[in-house]
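Shown next, in structure tokens, is the structure this report addresses.
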Amino acid sequence: MTTAQPQELDVQPTPLALLLLGREADPRSERGVECPGDLPSPSDPDLVERARVAKEKLGDKVFVLGHHYQRDEVIQFADVTGDSFKLARDAAARPEAEYIVFCGVHFMAESADILTSDEQKVVLPDLAAGCSMADMATAEQVAECWDVLTEAGVAEQVVPVSYMNSSADIKAFTGRHGGTICTSSNAKRALEWAFQQGEKVLFLPDQHLGRNTAVRDLGMSLEDCVVYNPHKPNGGLTAEELRAATMILWRGHCSVHGRFNLDSVNDVRERIPGVNVLVHPECRHEVVAAADHVGSTEYIIKALEAAPAGSKWAIGTELNLVRRLANRFASEDKEIVFLDRTVCFCSTMNRIDLPHLVWALESLAEGNLANRIEVDKDTESFAKLALERMLALP
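Numbering (this note's numbering), first residue to last: 4 to 397.
Rendered as structure tokens:
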């Protein structure tokens with residue numbers, strides 16, 4: 004039987020996975036990679052002042068959202084910071100803002116467009132700021148997967164649960180098939196709801212969050228899970244395996260969180276006696292099992308806020324956030340380090356840099372709307388249905 008045992012990620016690296024701090028381009032990206040017009044030079048000493056002036060000129064017409072994984076140079080101009088869903092809801096709560104500048108990645112801007120009014124316009128400063136995990140599940144692949152489930156005679160028993168880190172198309176698929184969206188904070192509640200609706204769950208697109216929630220939070224075994232690989236015929240699974248499975252995990256992962264391994268945990272414990280290992284549930288199952296604490300980005304921040312002075316922490320999440328937290332709590336004598344020895348930013352998130360933000364704000368201040376993210380009405384209606392099911396979770 005093909006089970007969802009912890010395994011090496013054998014997905015072949017793509018140009019997207021090799022982007023370094025926003026440099027180079029992804030030729031396979033479904034989005035554009037160029038900004039209309041000329042970007043300011045990164046060496047321009049007036050970038051901060053130009054961003055300030057443009058934002059001040061726009062006033063209440065603009066609302067800037069900054070994801071936790073953004074660079075400090077961008078975060079300083081954010082009106083609010085948070086994870087993807089919190090930011091999308093914050094945007095919806097500001098109907099007076101004509102322009103929502105989302106300093107994050109493409110699926111986040113799509114969610115903001117879905118949840119905001121038709122009068123509000125969502126702008127992504129760099130259209131190449133995508134998400135490798137979200138791109139691991141396309142609408143065509145998921146439709147083919149549903150056909151496989153139908154042929155195996157299990158589709159009527161399956162409820163799709165899609166992670167927030169998915170495209171609008173995948174969210175819409177989920178809404179059409181009676182499923183819900185989840186975040187890393189409420190994945191347990193989403194799965195509990197799904198199992199009240201059906202006997203099996205198709206979890207998209209992050210296999211690790213699905214596996215960790217099922218095993219760690221719901222008490223399932225690894226043998227209850229199978230991995231559907233969209234690059235293999237029938238997902239690499241037999242009809243018998245699909246019928247026996249409870250959790251059908253899509254073969255996707257976060258390129259940042261997926262890099263942490265058991266050696267990372269053992270190494271940091273040896274280097275820093277008494278360290279608390281705190282990781283995101285997008286990490287591999289072996290890492291989550293070996294950690295002291297596991298939780299979403301917001302959980303990580305709150306845990307460090309509540310931590311006693313003098314405590315030591317190794318954090319398994321994106322490096323920009325870890326550095327920001329280390330600086331924030333240094334005065335409280337909290338030692339906060341990155342879990343892995345190797346530096347690892349979210350390369351696509353880092354495409355949103357100060358030159359792109361300045362370009363976006365100055366363009367809007369001059370009356371030019373570019374890089375608008377707009378979800379078509381049919382997709383929006385079903386994606387919103389799936390999001391509303393999540394909001395209705397107890």
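Backbone N, C-alpha and C define an ideal beta-carbon position, used for all residues, glycine too.
Next item on the list: Please go through the same chain and pick out, in chain order, the residues whose beta-carbon is closer than 7 Å to the beta-carbon of Y166, but skip the five residues on each side of it.
Entry: C185, L207, P208, D209, L212
Checklist line | Exposure of E365, with buried meaning 16 or more beta-carbon neighbours within 10 Å | finding: buried
Notebook entry, point to check: When the distance is taken between beta carbons, is V51 closer than 9 Å to E76?
Noted result: yes
Notebook entry, point to check: Just how far apart, CA to CA, sit D121 and L394?
Noted result: 21 Å
Margin query: Which of the three DSSP states is assigned to E338 in this structure?
Written below: strand
Next item on the list: Measure the CB-CB distance between E338 and S314 and report whether it falls below 9 Å.
Entry: It is a contact, given that the beta carbons lie within the stated cut-off.
Next item on the list: Would you mind working out which of D41, V271, G319 sits nearest Y302, comparing C-alpha positions?
Entry: Ranking D41, V271, G319 by Cα distance to Y302 puts G319 first.
Margin query: In whole angstroms, give me the CA-to-CA distance for K380 and I117.
Written below: Put simply, the backbone Cα of K380 is about 9 Å away from that of I117.
Next item on the list: Evaluate E377 with the Cβ neighbour count: other Cβ atoms within 10 Å of its Cβ, from every protein chain shown; 16 or more gives buried, anything less gives exposed.
Entry: exposed
Notebook entry, point to check: For the alpha helix (DSSP H) that P358 lies in, which residues bound it at each end?
Noted result: Where P358 is concerned, the enclosing alpha helix (DSSP H) stretches over 357 to 368.
Margin query: Measuring only the C-alpha atoms, how far is K124 from V164?
Written below: 28 Å
Checklist line | Anticipated Cβ contact below 8 Å, R214 with Y231, distance rounded | finding: R214 to Y231, Cβ: 12 Å. No contact.
Checklist line | Meets three-Cβ-pair contact criterion under 8 Å: the region 78 to 91 and the region 344 to 356 | finding: no
Note to self: Can you look up Y72 in the DSSP assignment and give me helix, strand or coil?
What the structure shows: Y72 falls in the coil class under three-state DSSP.
Notebook entry, point to check: Can you give the Cα-Cα distance for F110 and S334, rounded to whole angstroms?
Noted result: Each residue's alpha carbon lies about 36 Å from the other.
Next item on the list: Could you have a look at A131 and say whether DSSP puts it in helix, strand or coil?
Entry: coil
Checklist line | Q73 classed as buried or exposed, judged by whether at least 16 other C-beta atoms fall within 10 angstroms | finding: Classification for Q73: buried.
Margin query: Excluding the 5 residues flanking M139 on each side, which residues of the same chain have their C-beta closer than 6 Å to its C-beta?
Written below: P208, G255
Next item on the list: Look up G85 in the DSSP assignment and say whether it is helix, strand or coil.
Entry: strand
Next item on the list: Go to L328, then tell me how far its alpha helix (DSSP H) extends in each direction, as first and last residue.
Entry: Run containing L328: 322 to 332, per the alpha helix (DSSP H) assignment.
Next item on the list: Sort V259, T249, G238 by Cα distance to L194 and report the nearest one.
Entry: Closest by alpha carbon: T249.
Item checked: N- and C-terminal bounds of the beta strand (DSSP E) containing V259 -> Taken as a continuous stretch (DSSP letters only), V259 belongs to no beta strand (DSSP E), as it is neither H nor E.
Margin query: Please state the DSSP three-state secondary structure of N189.
Written below: coil
Note to self: Here's the rule I'm using: 16 or more other beta-carbon atoms within 10 Å means buried, otherwise exposed. How should A131 be labelled?
What the structure shows: So A131 counts as buried.
Note to self: By DSSP's criteria, R375 is part of a beta bridge. Which residues make up the other side?
What the structure shows: V126
Checklist line | Residues bridged to M250 (per DSSP) | finding: V204, C228
Check: Apart from the five residues on each side of it in sequence, which residues of its chain come closer than 8 Å, Cβ to Cβ, to A158?
Finding: W149, L152
Note to self: So for K64, helix, strand or coil by DSSP?
What the structure shows: For K64, the three-state secondary structure derived from DSSP is helix.
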